[in-house]
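Structure first, then comments.
Numbering (the numbering used here), first residue to last: 78 to 253.
Below, the structure is given as structure tokens:
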């Protein structure tokens, strides 16, 4: 029964928490503090603080921790799965809808319109990243890191994950 409770404690905020993790935090608090009594308000605030210090989505980290505390490894799995399940269900439904109508002229026109918008958004993001890097590192290091990354990924065909890991190591050693 505890696994079903863990699932519902995180599934309901995932559905109702429009706006992502921060919007669902009060809903999660209502479930785990008020409804099930798994944590006190003080304990919940400590779990929230811990979740904010770690990288990644807050709600999934909290679900994993609270699920583990209540039901062990399976409880952690149920909590994390319940947190991502609403998005997963919606994405599968939308994918099914898109696949059903992929030959529709309206859908084809929509994808023709969406592609340039995505390209512009990626360009703006790249521009913002470049200038924040330029302001933080200076133009020489920004250009050198960019050029080395380009050569490694495009010419040498190194996987981007390795390039990112290398850049993190470089930043930790030389820029930290």
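Beta carbons are placed, not taken as given, at the ideal position from N, Cα and C, and that holds for glycine.
Please state whether DSSP places residue i in a helix, a strand or coil.
i	result
residue 120	helix
residue 131	coil
residue 115	coil
residue 78	coil
residue 156	helix
residue 94	coil
residue 138	helix
residue 145	helix
Starting from the C-beta of residue i, find all residues in its chain whose C-beta is less than 8 Å away, skip the five residues before and the five after it, and write them out in chain order.
i	result
residue 184	175 and 178
residue 138	127, 128 and 131
How many angstroms separate the CA atom of residue i from the CA atom of residue j?
i	j	result
residue 160	residue 130	19 Å
residue 165	residue 217	43 Å
residue 105	residue 86	7 Å
residue 152	residue 92	19 Å
residue 191	residue 101	29 Å
residue 94	residue 241	32 Å
residue 149	residue 169	29 Å
residue 208	residue 227	17 Å
residue 212	residue 221	15 Å
residue 233	residue 107	52 Å
residue 195	residue 202	10 Å
Between the Cα of residue i and the Cα atoms of the options, which residue gives the shortest distance?
i	options	result
residue 244	229, 126 and 119	229
residue 251	214, 157 and 136	214
residue 162	142, 147, 146 and 136	136
residue 113	141, 147 and 123	147
If you drop the 5 nearest sequence neighbours on each side, which residues of the same chain put their C-beta closer than 7 Å to that of residue i?
i	result
residue 235	229
Ends of the alpha helix (DSSP H) at residue i?
i	result
residue 185	182-214
residue 245	237-247
residue 251	Counting along the chain, residue 251 falls outside any alpha helix (DSSP H), and DSSP gives it neither H nor E.
residue 229	Where residue 229 is concerned, there is no enclosing alpha helix (DSSP H), given that its DSSP letter is neither H nor E.
Excluding sequence positions up to five away, which residues of its chain have a Cβ less than 6 Å from the Cβ of residue i?
i	result
residue 144	83, 152, 153, 155 and 156
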